[in-house]
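Just below is one structure, and these are the notes that go with it.
There are 2 protein chains.
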Amino acid sequence: MAQPVTLADVARHAGVSLATASRVVNGSTRVVGESLREKVLASATALRYEANPAAQAIVRGHLDVVGLVVPDIEDPYFSAIAASLMARAEENGLMVALTSTGRQADREVEYVAALRRHRARALVVVGSRTTDTEHQARLQTELQELVDRGGRVALVSQRRLPFDTVAIENRAGARSLAEALVGLGYRRFAALAGPDSLLTSTDRITGFRSGLAGAATLPQENVGVEEFTRDGGYRAMTTLLGRRRSGALPGEGPLCVFAVNDVMAVGAMSAVRDAGLEPGRDVALAGFDDIATLRDVSPRLTTVRVDLARLGREALDLTLGPLPDKPRTRRVKCEVVLGGSTPAVGQSPLRPR
Amino acid sequence: MAQPVTLADVARHAGVSLATASRVVNGSTRVVGESLREKVLASATALRYEANPAAQAIVRGHLDVVGLVVPDIEDPYFSAIAASLMARAEENGLMVALTSTGRQADREVEYVAALRRHRARALVVVGSRTTDTEHQARLQTELQELVDRGGRVALVSQRRLPFDTVAIENRAGARSLAEALVGLGYRRFAALAGPDSLLTSTDRITGFRSGLAGAATLPQENVGVEEFTRDGGYRAMTTLLGRRRSGALPGEGPLCVFAVNDVMAVGAMSAVRDAGLEPGRDVALAGFDDIATLRDVSPRLTTVRVDLARLGREALDLTLGPLPDKPRTRRVKCEVVLGGSTPAVGQSPLRPR
DNA sequence: CCTCCTTGGGAAAGCGGTTTCCGGTACAGT
DNA sequence: ACTGTACCGGAAACCGCTTTCCCAAGGAGG
Numbered sequence: 001m002a003q004p005v006t007l008a009d010v011a012r013h014a015g016v017s018l019a020t021a022s023r024v025v026n027g028s029t030r031v032v033g034e035s036l037r038e039k040v041l042a043s044a045t046a047l048r049y050e051a052n053p054a055a056q057a058i059v060r061g062h063l064d065v066v067g068l069v070v071p072d073i074e075d076p077y078f079s080a081i082a083a084s085l086m087a088r089a090e091e092n093g094l095m096v097a098l099t100s101t102g103r104q105a106d107r108e109v110e111y112v113a114a115l116r117r118h119r120a121r122a123l124v125v126v127g128s129r130t131t132d133t134e135h136q137a138r139l140q141t142e143l144q145e146l147v148d149r150g151g152r153v154a155l156v157s158q159r160r161l162p163f164d165t166v167a168i169e170n171r172a173g174a175r176s177l178a179e180a181l182v183g184l185g186y187r188r189f190a191a192l193a194g195p196d197s198l199l200t201s202t203d204r205i206t207g208f209r210s211g212l213a214g215a216a217t218l219p220q221e222n223v224g225v226e227e228f229t230r231d232g233g234y235r236a237m238t239t240l241l242g243r244r245r246s247g248a249l250p251g252e253g254p255l256c257v258f259a260v261n262d263v264m265a266v267g268a269m270s271a272v273r274d275a276g277l278e279p280g281r282d283v284a285l286a287g288f289d290d291i292a293t294l295r296d297v298s299p300r301l302t303t304v305r306v307d308l309a310r311l312g313r314e315a316l317d318l319t320l321g322p323l324p325d326k327p328r329t330r331r332v333k334c335e336v337v338l339g340g341s342t343p344a345v346g347q348s349p350l351r352p353r
Numbered sequence: 001m002a003q004p005v006t007l008a009d010v011a012r013h014a015g016v017s018l019a020t021a022s023r024v025v026n027g028s029t030r031v032v033g034e035s036l037r038e039k040v041l042a043s044a045t046a047l048r049y050e051a052n053p054a055a056q057a058i059v060r061g062h063l064d065v066v067g068l069v070v071p072d073i074e075d076p077y078f079s080a081i082a083a084s085l086m087a088r089a090e091e092n093g094l095m096v097a098l099t100s101t102g103r104q105a106d107r108e109v110e111y112v113a114a115l116r117r118h119r120a121r122a123l124v125v126v127g128s129r130t131t132d133t134e135h136q137a138r139l140q141t142e143l144q145e146l147v148d149r150g151g152r153v154a155l156v157s158q159r160r161l162p163f164d165t166v167a168i169e170n171r172a173g174a175r176s177l178a179e180a181l182v183g184l185g186y187r188r189f190a191a192l193a194g195p196d197s198l199l200t201s202t203d204r205i206t207g208f209r210s211g212l213a214g215a216a217t218l219p220q221e222n223v224g225v226e227e228f229t230r231d232g233g234y235r236a237m238t239t240l241l242g243r244r245r246s247g248a249l250p251g252e253g254p255l256c257v258f259a260v261n262d263v264m265a266v267g268a269m270s271a272v273r274d275a276g277l278e279p280g281r282d283v284a285l286a287g288f289d290d291i292a293t294l295r296d297v298s299p300r301l302t303t304v305r306v307d308l309a310r311l312g313r314e315a316l317d318l319t320l321g322p323l324p325d326k327p328r329t330r331r332v333k334c335e336v337v338l339g340g341s342t343p344a345v346g347q348s349p350l351r352p353r
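Here you go:
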């Protein structure tokens with residue numbers, strides 16, 4: 001097994017001391033004379049020297065790696081954020097260590113702890129922002145410990161903790177969406193939500209309600225609660241359609257269903273089709289996030305565009321600048337995108353039922 | 001800034017030597033007497049000691065981290081593989097450092113080098129398997145160096161290099177797909193391919209051709225070459241439709257278009273719609289991979305299912321077992337999935353044109 | 001009872017770097 | 001010519017951990 005070449009090898013080869021070699025290859029505060037400098041550099045290239053990051057980490061106290069923790073890398077929402085963050089990291093010459101918790105809160109804490117142990121210089125946690133206060137407390141402890149050791153932390157979509165945060169304007173976005181749907185003529189609404197403990201979900205529902213204003217209501221019984229995933233959307237929609245068939249669903253006129261994210265909306269679309277109905281005609285459907293991979297579904301999903309790429313970039317940037325006195329929050333605006341899944345009532349192929 | 005507690009702190013607190021403390025907390029070959037052992041353990045918990053992985057890496061020569069390099073984490077194909085690999089890693093108590101190269105070959109080598117420097121104990125490279133021999137050579141050099149230092153390497157879908165590999169049966173899968181399509185009555189084919197340098201793409205085209213056997217042909221001029229992405233699929237399909245409109249496309253009867261992956265196929269679907277046509281009616285369309293996120297598109301895409309979860313798991317497993325004498329190859333079978341995007345000719349809503 | 005092994009503990013030597021501290025040289029100031 | 005002071009190079013300490021090497025004590029065998 002070939003031994004890696006060490007700085008000592010370089011120093012020996014260049015005929016200088018270890019100290020000088022170190023000063024040259026990393027560019028410390030101290031200056032090294034031109035002649036020696038060149039010799040060392042030449043030796044380093046000749047021997048194809050590469051610094052051992054572990055050794056540097058141990059003495060410097062931190063590693064040039066930023067950790068990223070997401071709930072589920074397979075979800076396009078998170079992979080979009082991850083991709084943009086990594087691109088930004090690349091621009092800054094940083095390595096990213098990405099971990100995915102499989103939506104398990106306890107693993108989130110574990111991974112944060114692991115990355116802290118590894119002396120990551122910064123940590124970005126993309127949140128499954130919950131109301132589970134015990135979990136939040138443990139997470140905060142871990143993150144604070146990292147900060148105490150000189151590390152940096154940024155959260156995405158998780159405003160509850162006292163660290164720099166990039167937040168999506170979930171309420172405002174959902175409100176605008178509701179307003180737009182009311183503008184299209186809808187008066188009868190239902191929603192597919194994630195678990196109540198997920199603040200992203202509840203915020204969007206709340207915002208949506210406020211956007212309905214006086215024009216319409218979203219009765220609690222019309223809110224189907226399920227997993228925050230594609231399958232959750234499918235199940236919630238199936239239940240909803242069953243209730244409509246049996247006449248148990250309040251309200252009248254064309255039904256417009258708001259799924260709290262696009263992935264659920266797409267699952268719901270399939271549920272509609274599997275029930276022998278046509279999305280956009282028999283049931284109007286809106287989502288949230290404007291996931292790129294799903295922009296090709298037909299009919300085009302009405303949704304709220306979130307600039308996911310910006311989320312990732314901003315989060316990393318927050319960890320790179322100087323440490324602020326108090327936690328900062330960057331809010332990312334949303335924008336309603338109308339598609340064929342919610343045609344205007346009346347002049348549309350949508351048939352009331 | 002709080003200083004982390006070190007093993008020396010633990011030793012002092014327990015009143016034992018550093019050596020003893022080390023032996024207890026990591027469980028070396030040497031046995032430590034029961035009484036001391038308990039004292040050390042108690043002190044470790046009391047002080048909330050955590051080993052510094054960097055320090056361990058430097059002395060052990062490797063870190064308990066497996067590196068994963070993918071071309072584009074935003075592509076659901078790769079994120080599915082990544083997710084399954086990480087799940088498997090989790091089962092084995094391993095950390096995964098995931099990096100995404102943005103489909104740039106030179107960055108692939110860079111990341112591999114970086115992970116090698118970091119002394120990752122294993123490395124899994126999910127391939128943009130190309131014909132670029134210079135790149136392949138550099139990659140091989142880097143990987144070999146890792147192996148020489150006692151690390152492990154596994155490749156996914158990149159059979160050209162002498163390391164353990166998990167390979168998709170691209171040819172066999174594409175052949176079965178072509179056979180199925182011929183069985184449905186199609187006789188006029190076109191394809192949307194990735195760059196010729198991408199072996200995955202060319203293999204699938206080759207396999208597809210062989211599956212047509214005598215029944216039909218796939219003329220070279222009917223193969224649109226574009227990026228291996230959604231937008232590539234869109235563009236290639238747009239071009240193809242233009243050629244069909246102008247009568248420049250050979251063959252006759254209903255047209256069946258094979259996109260070498262689902263993401264391209266979905267882009268193509270949008271191109272079809274944007275041209276005022278209906279996928280499955282005016283143009284039949286098939287993909288490859290059976291991406292989960294895209295299973296809800298309508299009409300259901302005819303495709304070739306690849307067990308992506310298995311790819312990730314097997315790849316990791318290859319790096320965990322004992323080092324084999326010679327590179328192993330695990331082949332993953334494919335399975336044709338028929339959907340509404342390729343209705344049977346004649347009894348279908350598909351209209352020839 | 002004396003030697004020969006075990007057995008278990010600690011001192012110390014690394015691992016690959018960074019940084020402090022010290023000494024020597026060259027140059028400016030007087 | 002003499003001192004003060006940058007300036008630059010190297011020796012050595014140190015970061016946190018593992019492991020070798022040495023030593024003391026206890027048990028078995030003769």
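So the protein lines, in turn, are chains A and B.
Going by full-length UniProt numbering, the residue at position 195 of the first sequence is 195; the numbering climbs one at a time, nothing skipped.
Going by full-length UniProt numbering, the residue at position 237 of the second sequence is 237; the numbering climbs one at a time, nothing skipped.
No residue lacks a Cβ here, since even glycine has one placed at the ideal position from N, Cα and C.
Just so we're clear, the structure is a prediction, and the values are computed from it rather than from any experiment.
Minimum Cβ-Cβ distance from residue i to chain B less than 9 Å
{"i": "Ala54(A)", "result": "yes"}
{"i": "Met95(A)", "result": "yes"}
{"i": "Thr99(A)", "result": "yes"}
{"i": "Gly253(A)", "result": "no"}
{"i": "Pro322(A)", "result": "no"}
{"i": "Arg119(A)", "result": "yes"}
{"i": "Asp72(A)", "result": "yes"}
{"i": "Val10(A)", "result": "no"}
{"i": "Pro250(A)", "result": "no"}
Short CB-CB distance (under 9 Å) between residue i and chain A
{"i": "Leu241(B)", "result": "no"}
{"i": "Ile205(B)", "result": "no"}
{"i": "Ala57(B)", "result": "yes"}
{"i": "Gly102(B)", "result": "yes"}
{"i": "Glu314(B)", "result": "no"}
{"i": "Leu47(B)", "result": "no"}
{"i": "Leu63(B)", "result": "yes"}
Euclidean distance between Cα positions of residue i and residue j
{"i": "Thr20(A)", "j": "Tyr49(A)", "result": "15 Å"}
{"i": "Gln56(B)", "j": "Leu47(B)", "result": "19 Å"}
{"i": "Ile291(A)", "j": "Ser270(B)", "result": "15 Å"}
{"i": "Ser17(A)", "j": "Ala8(A)", "result": "8 Å"}
{"i": "Arg175(A)", "j": "Pro343(A)", "result": "18 Å"}
{"i": "Arg351(A)", "j": "Ala180(A)", "result": "In this prediction, Arg351(A) has a pLDDT of 44, which is less than 50 and means its spatial position is unreliable; what the coordinates show is noted afterwards. In a straight line, the C-alpha of Arg351(A) is about 19 Å away from that of Ala180(A)."}
{"i": "Arg353(A)", "j": "Gly247(A)", "result": "Because Arg353(A) sits at a pLDDT of 39, beneath the cut-off of 50, its placement in the model cannot be relied upon, and the following sentence gives the value as read from the coordinates. Roughly 11 Å between the two C-alpha positions."}
{"i": "Pro53(A)", "j": "Val223(B)", "result": "47 Å"}
{"i": "Arg88(B)", "j": "Gly253(A)", "result": "49 Å"}
{"i": "Glu110(B)", "j": "Arg117(B)", "result": "10 Å"}
{"i": "Leu198(B)", "j": "Gly340(A)", "result": "36 Å"}
{"i": "Val335(B)", "j": "Asp164(B)", "result": "The amino acid at residue 335(B) is misidentified as Val; the sequence shows Glu. Answer to the nearest angstrom: the Cα atoms are 24 Å apart."}
{"i": "Ala2(B)", "j": "Leu94(A)", "result": "25 Å"}
{"i": "Ser348(A)", "j": "Ala259(A)", "result": "Confidence in Ser348(A) is poor, its pLDDT being 49 and thus under 50, which makes the residue's placement unreliable; the coordinate value appears in the next sentence. One C-alpha to the other measures close to 21 Å."}
Neighbourhood of residue i by C-beta distance below 6 Å, restricted to the same chain and skipping five residues each side
{"i": "Pro250(B)", "result": "Pro219"}
Residues of its chain near residue i, where Cβ-Cβ distance is below 8 Å and the 5 sequence neighbours each way are ignored
{"i": "Thr238(A)", "result": "Ala271, Asp274 and Ala275"}
{"i": "Val225(B)", "result": "Ala193, Gly194, Pro195, Asp196 and Ala236"}
Contacts around residue i, its chain only, beta-carbon distance under 7 Å, and the 5 residues preceding and following it disregarded
{"i": "Ala315(A)", "result": "Leu85, Val124, Ala154, Val156 and Val166"}
{"i": "Gly127(B)", "result": "Leu155, Val156, Ser157 and Gln158"}
Integer Cβ distance of residue i from residue j, believed to fall under 8 Å
{"i": "Leu177(B)", "j": "Val304(B)", "result": "5 Å"}
{"i": "Val182(B)", "j": "Val112(B)", "result": "The Cβ separation is near 42 Å, so there is no contact."}
{"i": "Ser79(B)", "j": "Ile73(A)", "result": "5 Å"}
{"i": "Arg23(B)", "j": "Val10(B)", "result": "The Cβ separation is near 12 Å, so there is no contact."}
{"i": "Ser35(B)", "j": "Ala14(B)", "result": "The pair is not a contact, with the Cβ atoms about 11 Å apart (cut-off 8 Å)."}
{"i": "Thr293(B)", "j": "Thr293(A)", "result": "5 Å"}
Quiz prompt | Near-chain A residues of the stretch 261–272 of chain B (beta-carbon distance less than 8 Å), N- to C-terminal order | solution = Val263, Val266, Gly267, Met269 and Ser270
Practice problem: Check distances from the C-beta atoms of the stretch 128–152 of chain B to those of chain A and list, in chain order, the residues that come in under 7 Å. | Solution: Considering only beta carbons, the part of the stretch 128–152 of chain B lying closer than 7 Å to chain A consists of Asp148, Arg149 and Gly150, in chain order.
Quiz item: Between the stretch 280–297 of chain A and chain B, which residues of the former have CB atoms less than 9 Å from a CB of the latter, in chain order?
Solution: Ile291, Ala292, Thr293, Leu294, Arg295, Asp296 and Val297
Practice problem: Return the residues of the stretch 77–96 of chain B that lie within a Cβ-Cβ distance of less than 8 Å from chain A, sorted by chain order. | Solution: The stretch 77–96 of chain B vs chain A, Cβ under 8 Å: Ser79, Ala80, Ala82, Ala83, Met86, Ala87, Glu90, Met95 and Val96.
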